[in-house]
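In our numbering, the protein residues as written are 3 to 516.
Every residue gets a Cβ at the ideal spot worked out from N, C-alpha and C, and that includes glycine.
For reference, the structure discussed in these notes is given below.
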C-alpha cells in the first residue's frame, strides 16, 4: 500500500553527481572522491573552498572510492550512498556551494587536502537535484609552503622563526627496527634545535628534550614550533638545552612511538635507533638524568607512555592534555562497563566528543561517521585502533567498536587494557616501576578540556594514589584543550614551558653548573 502511494507521488530526488578529470591529468587517477556542500550565503561571494572544519558551519560531504575514471574520464557519485551528516537529498532545499576533491593518497582524515590532490572550483548547485549534476575537477593542489615560509604569519612569529632557522637541523634517521617490520627501508623524521653558543667541536654537552605534537602534526609544523624554544633560550627565559621534535605521523594517523602489532615497533625504534643516532651526532648528555619527554594531546600520551615504558631511560616527563591514559574514561566512556557503547550512554543519550563554552559541538557518533566518509584510515578513532588493537585476519586492526551501532567489543578492549592502559599498568607493575618511575611524571590538563580528557587524567592520579606513587598533577582552571590556555601561568602563555624547562635543568644539573 505504502509503495503504491509512493509510486503515485513525487519522484525520488536525483542524487547523482558526475565528476570529470581535468586535461592536466594523464591516464587514470584513483583515489577517494569527496563532494562538499555548504548552504550558500550572501557573504560567501568569494569563497574558494568548501571543507569540513568548524562543526557550526554545517558542511555536508559525500564520498566514494574511485579506482578508474574510465575512457570517458568521468565518475559518478551517489551523494546518498555514503554521506555525512546525511545524504544530499535530505539536506534542506536551497542553493549550495559545492566543491569536489579527489584525495589521491588517502590521508584526508589526517591532513585534509594537500599537494597532488585534485579539486574543482566552487560552484553553486540547487539541492535537492532536479537532474544529474556535473562538476569538473579543475586543477591539482601545488606543493605546500616551504619549511620556513612565513607568509601571513604575525611579525613576531616571522622574526622568531627566522632567528631559529640556522639552529634547526632536519634529520632523517634510519630505523633498522621499522625496516625489519616493513621489509623496506624506513626512516624517522626529526628536527633538532641546538641552543645558543652550541659548538659541535666543544666538549660541553646539553640536556635533551624529546617532544611530539598533537594529532594532525606534521614534520613541517614541528620545525616551526621549535622557534618558541629558541626564543625562550635566546632571551634567557629557559636554560640552554637541545630540543628534538619527533614526527610520529603516518598514513594511519599517529603512531605515538608505541610498539604495535599494526604500526610496528615504534617504541623500539625510538629507544634503539633514534636516541642512539642523535646522541652520536650531537653534544647530548646521553644519560638518563639528561633526557626528558614532553608533548601535547597525542604527543602528551607519547610522553606519558614512553616514560612508563622506559623509566630507566629518562629523567622525567611533562605530558599535557594527554589522550586517554585510563580506559575507564575514554573520552567520557567506560570501555570496561558491561554493554559499553561509544555512541550512547545507558539512558540512550548521545555521548559528546567536543565541547566549548559549556556546549557540545560534536558527538562521538558524528565524528565516527564523518571519519568513515572521509577515508578508511587516518582519523582519530581509527588511529587509536592502529596503535592499540590486535591485528585482524585481513591484516588491519580489529575495530574496537561497531561503527554503525557504537557497541564496544569487549575482547578488543581486553587487549587494549593489558597492553596500553597506562593507569592499569601503573597499578599492575608498580612493584617493578617504582624504583625508576616514582616522582618523574608531571601532568597538566585543563578542567574544561575540549575533549573531556581531564577525566582520564584524574583516574590516572587515582591510580598513583592507590599504589602510593608520587607524580604531579596540575588542573588548569577553565582551560580547554588549547596549548595556549594549558601552558599559561599568571598571564604568560609560555609559563609552563619555562617551568618545565627549568625543572628539567635542575635534574640534569643538580649542582647548578652548566
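Cβ atoms of residue 500 and residue 475: under 8 Å apart, would you say? Their beta carbons are not under 8 Å apart, which means residue 475 does not touch residue 500 by this criterion.
Measuring alpha carbon to alpha carbon, tell me which residue in 304, 456, 92 is nearest residue 131. Nearest in C-alpha terms to residue 131, of all of 304, 456, 92, is 92.
Validate contact between the region 236 to 249 and the region 355 to 364 using beta carbons, cut 8 Å, 3 pairs: Pairwise C-beta distances place the region 236 to 249 out of contact with the region 355 to 364, as fewer than three of them are shorter than 8 Å.
Residues bridged to residue 120 by DSSP? DSSP links residue 120 through a beta bridge to 104, 142.
Determine the burial state of residue 126: buried for a count of at least 16 other Cβ atoms within 10 Å of its Cβ, exposed for fewer. The residue in question, residue 126, is exposed, as its Cβ has fewer than 16 Cβ neighbours within 10 Å.
How would you write the range of the beta strand (DSSP E) that residue 295 sits in, first residue to last? Start and end: 293 to 298.
Can we say the region 310 to 321 touches the region 390 to 409, given the rule of at least three CB pairs closer than 8 Å? A contact is defined here as three or more CB-CB pairs under 8 Å, and the region 310 to 321 fails this definition with respect to the region 390 to 409.
Just curious, the beta strand (DSSP E) that residue 181 is in, first and last residue? That residue, residue 181, is in no beta strand (DSSP E); its alpha helix (DSSP H) goes 178 to 184.
Excluding the five sequence neighbours on either side, which residues of its own chain have a C-beta within less than 7 Å of the C-beta of residue 198, listed in chain order? Taking residue 198 as the centre and dropping the five residues before and after it, the same chain places the C-beta of 235, 236, 242 closer than 7 Å to its C-beta, in chain order.
Rounded separation between residue 8 and residue 26 - CA only: Bear in mind that a pLDDT of 33 at residue 8, under 50, signals an unreliable position, so the number given afterwards is only what the model happens to contain. Residue 26 has its alpha-carbon roughly 45 Å from the corresponding atom of residue 8.
Alpha-carbon spacing of residue 35 relative to residue 436, whole angstroms: Rounded to the nearest angstrom, the gap between the Cα atoms of residue 35 and residue 436 is 52 Å.
Go ahead and pull the three-state DSSP assignment for residue 385. The answer is helix: DSSP assigns residue 385 an H, G or I state.
Residue 173 - partner residues in DSSP beta bridges: As computed with DSSP, residue 173 is found in a beta bridge with 192.
For the region 174 to 189 against the region 215 to 234, are there 3 or more C-beta pairs whose distance is under 8 Å? By the C-beta criterion, the region 174 to 189 is judged not to be in contact with the region 215 to 234, since fewer than 3 inter-stretch pairs fall below 8 Å.
What are the start and end residues of the alpha helix (DSSP H) that includes residue 461? Counting along the chain, the alpha helix (DSSP H) containing residue 461 begins and ends at 456 to 469.
Inside the region 407 to 455 only - beta strand (DSSP E) runs reaching at least 3 residues: With a minimum length of 3 residues, the unbroken runs of beta strand (DSSP E) contained wholly in the region 407 to 455 fall at 444 to 448.
Kindly provide the ranges of any alpha helix (DSSP H) runs that are 4 or more residues long and lie completely inside the region 313 to 378, ordered along the chain. Here the runs fully enclosed are 366 to 376.
In angstroms with no decimal places, state the Cα-to-Cα distance between residue 512 and residue 228. In this structure, the alpha-carbon of residue 512 lies about 26 Å from that of residue 228.
Is the CB-CB distance between residue 422 and residue 392 below 8 Å? Result no, Cβ atoms of residue 422 and residue 392 do not sit closer than 8 Å.
Rounded to a whole number of angstroms, what is the C-alpha to C-alpha distance between residue 505 and residue 295? Using only the alpha carbons, I get a separation of about 12 Å.
For residue 58, which of helix, strand or coil comes out of DSSP? DSSP places residue 58 in the helix class (H, G or I) of the three-state scheme.
Once DSSP output is grouped into helix, strand and coil, what is the label at residue 1? Because the chain here runs from 3 to 516, residue 1 falls outside it and cannot be looked at.
Kindly indicate which three-state DSSP category residue 110 falls into: helix, strand or coil? Residue state, collapsed to three classes: helix.
Is the beta carbon of residue 326 less than 8 Å from the beta carbon of residue 452? It is not a contact, given that the beta carbons lie outside the stated cut-off.
Less than 8 Å between the CB atoms is what I'm expecting for residue 424 and residue 307, so what's the real figure, rounded? About 6 Å separates the two Cβ atoms, so the contact holds.
Span of the alpha helix (DSSP H), counted from its first residue to its last, around residue 224: Element bounds for residue 224: 221 to 227.
With a CB to CB cut of under 8 Å and the five nearest residues on each side skipped, what residues in its chain are close to residue 288? Taking residue 288 as the centre and dropping the five residues before and after it, the same chain places the C-beta of 207, 281 closer than 8 Å to its C-beta, in chain order.
Does the contact criterion of 3 or more C-beta pairs under 8 Å hold for the region 158 to 175 versus the region 48 to 55? They do not touch, by the three-pair rule.
Once the 5 residues before and after residue 502 are set aside, which same chain residues still bring their CB inside 6 Å of it? 320.
Within its chain, find whatever has a CB closer than 6 Å to the CB of residue 490; leave out the 5 residues flanking it on each side and keep chain order. Residues 497 of the same chain have their beta carbon placed closer than 6 Å to that of residue 490, with the five preceding and five following residues left out of the count.
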